[in-house]
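Chains as they are written, first to last, in the working numbering: chain A, 25 to 418; chain B, 6 to 99.
The C-beta atom is built at its ideal place from N, Cα and C for all residues, glycine as well.
All values reported here derive from a predicted model rather than from experimental measurement.
Step one of this worksheet: look at the structure below.
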């Protein structure tokens, strides 16, 4: 059977499904290839929020805001319900130094026009009656910059909406070979268990697995799998009304390698930072941590203990609530914390949209739109040259 | 099994998911127990599929003419039974 497409997207997670949707929107005959099921990898092993307040000031935040605005539009436009839920976010500060650092961050974001603000202990306790009473305060982001979605339903939504525009989906698809033109080195075809698929354009959206797809054409894509873990509670009262995270994690992630939180050696060793959210079904998701464990996503009992212990520091009432499940997933980590959304100079017709680490759900809509603009030869909504694959050329 | 499985029968008791909803998930592309779970929440409740998993598997076997092995099972994830966060944090679990 002869299959010919204008574009082939590899990977049906939050990025690939969005890319496929937006390519269909541009009128391209598009196929979506996925080694397992839709949303089978990182996009079903993560949490559910899109925030601007976990981003660095600059393009990181700008993309976050653009994507959140776009989610609001898609929630109205799509028939498929992806559980869009505008809820605010509180980055809680355990100590004065954290509060000061958060205040500085808040000021930077305010200067760029984002409506974040600091709340003191009293206001925090009013906003979140179940939270520990001794916290210094928090950085608050209103729902205009902080929303929740069901991450896997986002993927299903993009697929179902794109099918209406002619998208063809190949799940459980093994990609055996990518053939390039002998003269131009341009993309020619993809060999799969469904046969040979002819196309002049492929988009590598395989996330943490993007390097394996890259290898097929000799491309070295510098993405590493970084493991994250969440605990799921039984269905219960909504202990929190906003997404809750501890600010200390931001400091240890971005700001200062000298900063040390007052946490147990286990939490320190396993890089645990507290976060909490409720889901539409009224489970609580309690996280989390970031570790390099290759592609091993088995749950680790020590991590579960450390996450539970850290969670009780901020929400003592969790002590009597039951944990019913733990899951881990890998996040596609890039050293400079920015995704790759780009063409590839050496291979005409080869594109990459991958490496979003923990921002794949947040950046999903905007990344798909950018990729379709790049492929259509249009200007992107704003300058994304920082996301160019060429930055790794040296 | 069709004589016992009417469309309005609840399969997943925790999440109250019916035969019809599971069939719809299969229609939308679910090929295994995990695929059904992600699309309609069957097996995501308090019992984590202890009751419904075999029934979901059988429905997939029937609808798609696959083997039970191909229909698969839910991924095994701890805890084996619900424990409180207090017990977890306190080190009562090894």
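Interface residues of chain B facing residue i [CB-CB closer than 8 Å]
{"i": "residue 62 of chain A", "result": "34"}
{"i": "residue 421 of chain A", "result": "Missing from the structure shown is residue 421 of chain A; chain A here goes from 25 to 418 and no further."}
{"i": "residue 248 of chain A", "result": "Here the premise fails: no neighbours, minimum Cβ distance about 23 Å."}
{"i": "residue 258 of chain A", "result": "51 and 87"}
{"i": "residue 195 of chain A", "result": "34 and 36"}
Where residue i meets chain A, residues with beta-carbon distance less than 7 Å
{"i": "residue 94 of chain B", "result": "329, 332, 333 and 336"}
{"i": "residue 53 of chain B", "result": "348 and 349"}
{"i": "residue 3 of chain B", "result": "Any question about residue 3 of chain B goes unanswered here, given that chain B covers just 6 to 99."}
{"i": "residue 40 of chain B", "result": "61"}
Those residues which DSSP pairs with residue i across a bridge
{"i": "residue 113 of chain A", "result": "A/165 and A/267"}
{"i": "residue 142 of chain A", "result": "A/163"}
{"i": "residue 366 of chain A", "result": "A/376"}
{"i": "residue 56 of chain B", "result": "Beta-bridge pairing links residue 56 of chain B to no other residue."}
{"i": "residue 204 of chain A", "result": "A/211"}
{"i": "residue 29 of chain A", "result": "A/223"}
{"i": "residue 302 of chain A", "result": "A/308"}
{"i": "residue 34 of chain A", "result": "A/57 and A/228"}
{"i": "residue 371 of chain A", "result": "Partner(s): none; residue 371 of chain A has no beta bridge."}
{"i": "residue 39 of chain A", "result": "None; residue 39 of chain A has no bridge partner."}
{"i": "residue 408 of chain A", "result": "DSSP lists no partner for residue 408 of chain A."}
{"i": "residue 65 of chain B", "result": "Its beta-bridge partners do not exist; DSSP assigns none."}
{"i": "residue 199 of chain A", "result": "A/216"}
N- and C-terminal bounds of the beta strand (DSSP E) containing residue i
{"i": "residue 346 of chain A", "result": "346-357"}
{"i": "residue 191 of chain A", "result": "Here residue 191 of chain A belongs to no beta strand (DSSP E), and DSSP marks it neither H nor E."}
{"i": "residue 311 of chain A", "result": "308-315"}
{"i": "residue 321 of chain A", "result": "Run containing residue 321 of chain A: none; DSSP gives neither H nor E here."}
{"i": "residue 172 of chain A", "result": "170-172"}
Under 9 Å from the C-beta of residue i: neighbouring residues of chain B
{"i": "residue 345 of chain A", "result": "89, 90 and 91"}
{"i": "residue 68 of chain A", "result": "39 and 43"}
{"i": "residue 180 of chain A", "result": "33, 34, 43 and 44"}
Proximal residues of chain B, C-beta to C-beta of residue i below 7 Å
{"i": "residue 98 of chain A", "result": "Ordered by position in chain B, no residue passes the 7 Å Cβ test against residue 98 of chain A, which lies about 19 Å from the chain."}
{"i": "residue 185 of chain A", "result": "What residue 185 of chain A touches in chain B: nothing, since even the nearest Cβ is about 13 Å away."}
{"i": "residue 342 of chain A", "result": "90"}
8 Å Cβ cut-off: residues of chain A touching residue i
{"i": "residue 46 of chain B", "result": "305"}
N-terminal and C-terminal residue of the alpha helix (DSSP H) that residue i is part of
{"i": "residue 385 of chain A", "result": "384-399"}
{"i": "residue 90 of chain B", "result": "90-94"}
{"i": "residue 74 of chain B", "result": "73-76"}
Original post:
At which residue ranges does the region 214-300 of chain A contain complete alpha helix (DSSP H) runs of 4 or more residues, listed in the order of the chain?
Top reply: 234-239, 271-274 and 289-293
Residue ranges of each beta strand (DSSP E) run of no fewer than 3 residues wholly in the region 41-127 of chain A, ordered along the chain?
54-57, 73-75 and 113-117
task: Enumerate, from N- to C-terminal direction, the unbroken alpha helix (DSSP H) stretches of 4 or more residues contained entirely within the region 16-54 of chain B.
output: 24-32 and 38-45
- Contact between the region 52-66 of chain A and the region 84-91 of chain A: three or more CB pairs below 8 Å? no
Three or more C-beta pairs under 8 Å: does that hold for the region 113-130 of chain A against the region 262-274 of chain A?
yes
* Asked: Counting Cβ pairs closer than 8 Å, one from the region 220-237 of chain A and one from the region 63-70 of chain A, do we hit at least three?
  -> yes
Contact between the region 121-136 of chain A and the region 156-167 of chain A (3+ Cβ pairs under 8 Å): yes
Taking 8 Å as the threshold, find out whether the region 206-213 of chain A comes into contact with the region 127-147 of chain A through three or more Cβ pairs.
no
Exercise. Quick check: the region 370-379 of chain A against the region 73-82 of chain A, are there 3 or more CB pairs under 8 Å?
Worked result: no
>> Could you check whether the region 295-303 of chain A touches the region 235-246 of chain A, counting it as contact only if at least three pairs of C-beta atoms, one from each stretch, sit closer than 8 Å?
In response: no
**Asked** How do the region 30-37 of chain A and the region 316-330 of chain A stand: do at least 3 beta-carbon pairs fall below 8 Å, yes or no?
**Response** no
Indicate whether the contact test is met: 3 or more Cβ pairs, each with one atom in the region 176-188 of chain A and one in the region 142-158 of chain A, closer than 8 Å.
no
Assess contact between the region 350-363 of chain A and the region 319-335 of chain A, defined as three or more Cβ pairs (one per stretch) separated by less than 8 Å. Is contact present?
yes
Next on the checklist: So, does the region 29-43 of chain B touch the region 71-88 of chain B, judging by three or more C-beta pairs under 8 Å?
Outcome noted: yes
Segment contact, 8 Å Cβ cut-off, at least three pairs: the region 8-28 of chain B with the region 46-64 of chain B: yes
| query | Contact between the region 334-346 of chain A and the region 84-94 of chain B: three or more CB pairs below 8 Å? | reply | yes
Does the region 394-411 of chain A touch the region 247-266 of chain A, meaning 3 or more C-beta pairs lie closer than 8 Å? no
| message | For the pair the region 378-390 of chain A and the region 337-346 of chain A, tell me if three or more CB-CB distances fall below 8 Å. | response | no
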